[in-house]
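Going line by line, the protein sequences match chains A and B. Read in our numbering, the first sequence has 424 at position 414, and its numbers run on one by one without any break. Read in our numbering, the second sequence has 165 at position 155, and its numbers run on one by one without any break. Worksheet: the structure to be examined is printed underneath.
2 protein chains.
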Amino acid sequence: MNSLAGLLKAARGLEPADLVLKGGKVFNVFSGVFEETDLAIKDGIIVGLGRYDGQEEADMSGRWLIPGLIDTHMHIESTQLCPGELARVIVPRGTTAIVADPHEIANVLGLDGIRFMLSASEGLPLDVFLNVPSCVPATHMETAGAELAAEDLAELLNAPRVLGLAEVMNFPGVINGLPGVLDKLRLFAGRPIDGHAPFLSGRDLCAYVLPGIATDHECTNLEEAGEKLARGLRILIREGSTARNLEALLPLVSPGNLRRLAFCTDDRHPEDLIREGHLDHILRKALFLGLDPVSALTMATLNPAETFGLNDRGALAPGRIADVVVLESLDRMQVERVYKNGRLAAENGRLLGSMPPLEMPAWISPMNIGPLDEATLEVEAAGPLVRVIEVVEHQVLTGCLTVETPALDGLVVADPGRDLARIVVVERHKGTGNVGKGLVKGLGLKAGALASSVAHDSHNIVAAGMSTADLLAAVRAVEKMGGGQAVVLDGRVLAQLPLPIAGLMSDAPADQVAETGARLKDAARQTGAALTDPFMTLSFLALAVIPSLKITDMGLVDVEKFAIVPMFPE
Amino acid sequence: MNSLAGLLKAARGLEPADLVLKGGKVFNVFSGVFEETDLAIKDGIIVGLGRYDGQEEADMSGRWLIPGLIDTHMHIESTQLCPGELARVIVPRGTTAIVADPHEIANVLGLDGIRFMLSASEGLPLDVFLNVPSCVPATHMETAGAELAAEDLAELLNAPRVLGLAEVMNFPGVINGLPGVLDKLRLFAGRPIDGHAPFLSGRDLCAYVLPGIATDHECTNLEEAGEKLARGLRILIREGSTARNLEALLPLVSPGNLRRLAFCTDDRHPEDLIREGHLDHILRKALFLGLDPVSALTMATLNPAETFGLNDRGALAPGRIADVVVLESLDRMQVERVYKNGRLAAENGRLLGSMPPLEMPAWISPMNIGPLDEATLEVEAAGPLVRVIEVVEHQVLTGCLTVETPALDGLVVADPGRDLARIVVVERHKGTGNVGKGLVKGLGLKAGALASSVAHDSHNIVAAGMSTADLLAAVRAVEKMGGGQAVVLDGRVLAQLPLPIAGLMSDAPADQVAETGARLKDAARQTGAALTDPFMTLSFLALAVIPSLKITDMGLVDVEKFAIVPMFPE
């Protein structure tokens, strides 16, 4: 604020502004119109709209100017990109701020992981705000790298760019008044608290909203979204790589409730970001589906800003940060330029200027696997029937089958004829030597093995394969990379993607990550993997909060019973 | 939050709520509809909507339930009522919270005055929030009771119920970057800052908005309001006793900008509150003028709450304070009951329960007048022509005339034939003995004198009269009351209204204040006073920030020149 006097002079036109964007069609989110006017900027702040002169001037005639787009909820880890590389991809597409939930890295590295995300996102042409994860670990039926109680989260309360509490997935904990959960809600009272409560309804929904939970991004149908909206939740319409709710929820939007709606991507893969885009893609799709541009833009600018109390942005108005996106076309949401803090940050799809170097502390790649050999991975065939995880493509949930045990020499084996692969989860945080073992149906594997250190939510190493040797080789390949994803066939690593940041993210350039990811999928196809994205499917087989049968380092989890169950039913 | 677990149980219907309002048409401000449903309350908090049982239940069938109404900007002092008596009048009309600006009492008593307003509004069935006055004193051409710099205001930053900075009337100070003004803006950065900038436009308006000023309640025409809205100010549409802007501004309201609009009363007299109402009156008038009920109610509930970050109210939703207004009729906005914090606070126009006693410290009636006698009030006729303040009825501004000096024995005298009365402002805060003297045209006085300790903004004693003796008697009557308003004829006090709270407010019951006020006006008519509200007119003749010619204890003020000018032009 030291330069306030200078800003005022520029606003009054008594001194030239640093930069004037001349004569564009400026989106006014408050009145819902486009004004043909100059936009004057000084010290990274919008100082005025009207007739202005600047030390630098840029002709914007025929262009649309909109505020920088804001993603209300995303997991950076899902992009497999480090924050800087994420910025390289999404800033040229018009995103200038995101509210990220570092839930995944927190499950691996705890507070250190969250602090890493803060430091790794410093000095970027993208403002990365964090909501701190509320559910680390997700369950007590798995070994996570960390456990975060309210007193741990309290250490981050005053960290810069920390806004509030991230998605409170433990909705049974909330409505049943679990002390540990309530402690976290109390800690963040008066600050943004994100919800996550699929299908919650009626009085239970009232209970969930009561302690101050303010948003929900899990709505999948109109009725659900309408009820949550009516009870006071702001609805963050999600359109990610897997969960795509825009089409189902768009009919919800009306002038009367627009202010309570915003967009988010939640989980978005690097290939999709590069190919389709980020919020620009959502806006394009929304317009295609019939939403008017004013409503769509409002949901990506002012509404996100208001939801998280970011009153310094979300609109092109005096005193706000000069995050300005220049559109070549409004109906195609074609981004030509992006100004971040009043400086040209991207043009024609490319980020300008250099990125601050990424500092990688030694502890960022924890890989602490206990004793492990082929014998450790074997399972005795202890019964005639065996529980099997059934993959449901494009869904995070799974089925639970009971089938005749495929066995050889008294050991459980894969059975390509029945599309049964072996699956293991190898604990990698504390060297416990835990290995969860089971069978999975539906991956399509014929030979070889896939392994990944991305395995929600504890991110132990999950591997599926047709032979013990390949399973072990795949796990070892991931271990050797300090985290990552690998495809092994006949003992040989066909392809691998190193994810040295907590085993979740790459430090490589974005296009390289996307390319390696594509090669990885190609290689997986050589093992017979028939799914669109077998590594994503694999990563959710360990997610012990979504029904029905899942697997963690502690064994098979019957999610409905919320209990570890033996492989061989009694 | 200790009882959070209990609230959750009630929300889930596992335990009965304290109170259930059954089967009313509940206004849902988020979705813009009325839902026929129960509303469950526990510990003063709304716990749920749906089917509920309560220890107490009230049948609401056929009734409309709306959130408690919120006035975004008002000066309690203008009502002449103490906060408790104000609550007695406006709570039964549906107002459950106000954002008050104690500008007047601060000009008399400084921080002590503001603290008095806080303590006098404790424990009421009305939540009184304060924005702290930004402009005490209003000018340096008058003697106020206090001067409040940023460092003084800082003492109130963390006081309970203090929200932000009240109307920044010194707009030239803002846009010219006056350090003392910027200090106050910096002090309240990130908190609500109210604006007050009549007719400001273009680049100067941009400069005014830039440092974070968030609202404006001074718009009088559509174009002005439209521009201010577009630049990011929230528009508080004012409908007070004198300034009535609702009709002019209502065409501004559209679905696209509704969220940026709210109502306020600013200055409202006790008779009008009692006769017409408060926000209920504004709502009635808005509906009469054609606004739909959903928009109107949104502007009096959720929008005010969001404007001031009062996220615990403004909607009937789980977790919010149970301030509920029961309407017998929606189109006539007929209030039947008011629940405050879940307790029945008013019914059929009457407040229930007892009010906490008003503590009146000895220093609350400061009256420190210097040496004063008839001679002090006289003015020598020092020239053939004299400057005269010209009253413009129903306006706060005045004209400036130059007329032939009415004189007798070398002294200036009143001249009823030309409707010229004498006017004096007697300093009452510091015993300086200052007396500003002049002539005023247009009051209609034939004889006697009127005096008042309500004299914006420094609230010295202003008196207008036809003889020196009556002027002195009227001033003495006000002094004797420890502040108030008096009508004197032929040396006798015809009527008087004591205002012992800083010379601005009464400690008497509201109806008594209104009654005495009416008697005072009747008495004024006996002196010939021809205006609708001569005391209000009188109170604005000392307001040295509104053109043209005004009078303070330091003399006549030419507001355009922003300077003291002599009575006899050179």
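No residue lacks a Cβ here, since even glycine has one placed at the ideal position from N, Cα and C. Here the structure is a predicted model, which is why all the values come from computation and not from measurement.
query, result
"Report buried or exposed for A:Leu239, applying the criterion of at least 16 other Cβ atoms within 10 angstroms of its Cβ.", "buried"
"Given B:Gly359, which residues of its chain have a CB within under 7 angstroms of its CB, disregarding the five upstream and five downstream residues?", "Pro102"
"Nearest-angstrom Cα distance between B:Ile379 and B:Gly222?", "40 angstroms"
"Starting from A:Gly212, follow the alpha helix (DSSP H) in both directions and report where the run begins and ends.", "Gly212 to Val219"
"Measuring only between beta-carbons, confirm whether A:Asp480 sits less than 8 angstroms from chain B.", "no"
"CB B:Gly2 to CB B:Gly493, shorter than 8 angstroms?", "Not covered by the structure: residue 2 of chain B. The range shown for chain B is 11 to 580."
"Is the separation between the beta-carbon of A:Leu220 and that of B:Leu18 shorter than 8 angstroms?", "yes"
"Any C-beta of chain B sitting closer than 8 angstroms to the C-beta of A:Cys216?", "yes"
"Should the region 502-511 of chain A be regarded as contacting the region 424-444 of chain A, the criterion being three or more beta carbon pairs within less than 8 angstroms?", "no"
"For A:Ser516, tell me which candidate among A:Ser463, A:Cys274, A:Cys229 and A:Leu197 has the shortest Cα-Cα distance.", "A:Ser463"
"Using a Cβ-Cβ cut-off of less than 8 angstroms, list which residues of the region 228-262 of chain B approach chain A; keep chain order.", "Gly236, Leu239, Ala240, Arg241 and Gly242"
"Between the alpha carbons of B:Pro312 and A:Leu289, how many angstroms are there, rounded?", "The amino acid at residue 312 of chain B is misidentified as Pro; the sequence shows Leu. Whole-angstrom Cα-Cα distance: 28 angstroms."
"Within the 8 angstroms Cβ cut-off, does B:Gly190 reach chain A?", "no"
"Evaluate B:Val497 with the Cβ neighbour count: other Cβ atoms within 10 Å of its Cβ, from every protein chain shown; 16 or more gives buried, anything less gives exposed.", "buried"
"How would you write the range of the alpha helix (DSSP H) that A:Ile581 sits in, first residue to last?", "With chain A represented from 11 up to 580, any question about residue 581 of chain A goes unanswered, as that position is not in the structure."
"I think B:Lys451 touches B:Val406, with their Cβ atoms under 8 angstroms apart; what is that distance to the nearest whole Å?", "So it is not a contact: roughly 17 angstroms between Cβ atoms."
"Since A:Gly458 and A:Asp480 should fall inside the 8 angstroms C-beta cutoff, what is the C-beta to C-beta distance between them, to a whole number of angstroms?", "5 angstroms"
"Please classify B:Met11 as buried or exposed, where buried requires at least 16 other C-beta atoms within 10 Å of its C-beta.", "Below a pLDDT of 50, predicted positions are generally treated as unreliable, and B:Met11, at 41, falls in that range; the measurement from the model is reported next regardless. It counts as exposed."
"Strictly under 8 angstroms for the Cβ-Cβ distance: is A:Ile399 near chain B by that measure?", "no"
"Can you grab the Cα-Cα spacing for the pair A:Leu382 / A:Leu482, in whole Å?", "8 angstroms"
"With distance defined between alpha-carbon atoms, name the residue in B:Thr106, B:Thr105, B:Gly104 and B:Arg125 nearest to B:Pro112.", "B:Arg125"
"Answer with yes or no whether the minimum CB distance from B:Phe40 to chain A is below 8 angstroms.", "yes"
"For A:Lys440, which three-state DSSP category applies?", "coil"
"Below 7 angstroms on C-beta distance, what does A:Pro221 contact in chain B?", "Leu14 and Gly329"
"Give a yes or no on whether 8 angstroms exceeds the smallest Cβ distance from A:Ile51 to chain B.", "no"
"Under the three-state reduction of DSSP, which class applies to A:Arg201: helix, strand or coil?", "coil"
"Give a yes or no on whether the minimum CB-CB distance between B:Ile574 and chain A is below 8 angstroms.", "no"
"According to DSSP, is B:Gly16 helix, strand or coil?", "helix"
"Establish whether the CB of B:Met11 and some CB of chain A are separated by less than 8 angstroms.", "Bear in mind that the predicted position of B:Met11 carries a pLDDT of just 41, short of 50, making it unreliable; the figure below should be weighed with that in mind. Output row for B:Met11: interface = yes."
"Have a look at A:Met66 and A:Arg353 and give me their C-alpha separation to the nearest angstrom.", "Note on identity: in this sequence residue 66 of chain A is Glu, with Met being the wrong assignment. So the alpha carbons of these two residues sit roughly 11 angstroms apart."
"Distance, Cα to Cα, B:Asn38 vs B:His83?", "24 angstroms"
"On the CB-based measure, 16 or more other CB atoms within 10 Å of its CB, does A:Ser71 come out buried or exposed?", "exposed"
"Using a 10 Å radius around the Cβ and a threshold of 16 neighbouring Cβ atoms, would you call B:Gln90 buried or exposed?", "buried"
"Smallest Cα separation from A:Ser468: which of A:Ile115, A:Leu49, A:Leu75 and A:Ala224?", "A:Ile115"
"Kindly provide the ranges of any beta strand (DSSP E) runs that are 3 or more residues long and lie completely inside the region 509-569 of chain A, ordered along the chain.", "559-562 and 565-568"
"Name, please, each residue of chain B whose Cβ falls closer than 9 angstroms to the Cβ of A:Val334.", "The premise fails here: A:Val334 is roughly 15 angstroms from chain B at the closest Cβ pair, so nothing lies under 9 angstroms."
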